[in-house]
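A.B. asks: Would you mind keeping the following structure in view while I ask a few things?
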Amino acid sequence: MIHALSEPVITALVPSISERVTLGVVSTPGLVWDPHLAAVAGLVALMMLGGALVVRNQLAATSGLGTEPDPQRNDEFVTDRERVCELIEENGGRMKQSRIVDSVDWSKAKVSRLLAELEEEEEVTKLRLGRENLVCLPGHEPTASKSPERARNE
1 MIHALSEPVI
11 TALVPSISER
21 VTLGVVSTPG
31 LVWDPHLAAV
41 AGLVALMMLG
51 GALVVRNQLA
61 ATSGLGTEPD
71 PQRNDEFVTD
81 RERVCELIEE
91 NGGRMKQSRI
101 VDSVDWSKAK
111 VSRLLAELEE
121 EEEVTKLRLG
131 RENLVCLPGH
141 EPTASKSPER
151 ARNE
């Protein structure tokens, strides 16, 4: 036989005097727990968690815990030409054009135009290796690509 309770009943673990936890029934006459209240409580908890994460991120940003290697230099203000020259320098002064395209995620045409401009201004040297171009910074060209007189002088 099932009896309907007139009051909502919440079952909880209640500590007893003897330091043992016992299962007891706690009656809460004024509290009615319905799905709407549960949803509101969940939303409030999510908002509090989100707020805590925002505060934590702001504190981490202002405390200097960022991993930016050079804080004085912002990538937004680096020109395409500087970016390519830095990339080549980071790779030992020589790099295949196809690797440059993959590294900067630009079109082949844009990289080709940019390298042609840099070569015109003698900031880089492009050497044809079969079907690929090897792009070198001045002073990093392979010795076989230099004239015999130039190789002896260096």
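The sequence shown begins at 1 in full-length UniProt numbering and counts up by one.
Think of the CB as a built atom: it goes at the ideal place given N, C-alpha and C, for glycine as much as any other residue.
Where does leucine 134 fall in DSSP's three states?
C.D. replies: strand
A.B. asks: At a cut of 8 Å, does the segment 52 to 60 reach the segment 75 to 86 through at least three beta carbon pairs?
C.D. replies: Using a Cβ-Cβ distance cut-off of 8 Å, the segment 52 to 60 and the segment 75 to 86 are not in contact, since fewer than three pairs of beta carbons, one from each stretch, lie closer than that value.
A.B. asks: Of all the options Glu141, His36, Val44 and Leu49, which has the alpha carbon lying nearest to the alpha carbon of glutamate 119?
C.D. replies: Glu141
A.B. asks: Would DSSP call threonine 125 helix, strand or coil?
C.D. replies: Three-state result, threonine 125: strand.
A.B. asks: Cβ atoms of glutamine 97 and glutamate 121: under 8 Å apart, would you say?
C.D. replies: no
A.B. asks: Given this structure, state the Cα-to-Cα distance separating alanine 151 from threonine 143, to the nearest angstrom.
C.D. replies: Unreliable placement is indicated for alanine 151, whose pLDDT of 48 sits below 50; the coordinate value is still reported in the next sentence. The alpha-carbon atoms of alanine 151 and threonine 143 are separated by roughly 6 Å.
A.B. asks: Tell me whether the beta-carbon of arginine 94 lies closer than 8 Å to the beta-carbon of leucine 46.
C.D. replies: Cβ distance not < 8 Å, so arginine 94 and leucine 46 don't count as in contact.
A.B. asks: If we call anything under 8 Å between Cβ atoms a contact, is valine 111 one with isoleucine 88?
C.D. replies: no
A.B. asks: Can the beta-carbon of leucine 137 be found closer than 8 Å to that of lysine 126?
C.D. replies: no
A.B. asks: For the alpha helix (DSSP H) that glycine 139 lies in, which residues bound it at each end?
C.D. replies: Note, glycine 139: premise wrong, no alpha helix (DSSP H); not H, not E.
A.B. asks: Taking only the alpha-carbon atoms, compute the straight-line gap between valine 104 and valine 40 and give it to the nearest angstrom.
C.D. replies: 47 Å
A.B. asks: Note down the Cα distance separating glycine 50 from glycine 42, rounded to an integer number of angstroms.
C.D. replies: 12 Å
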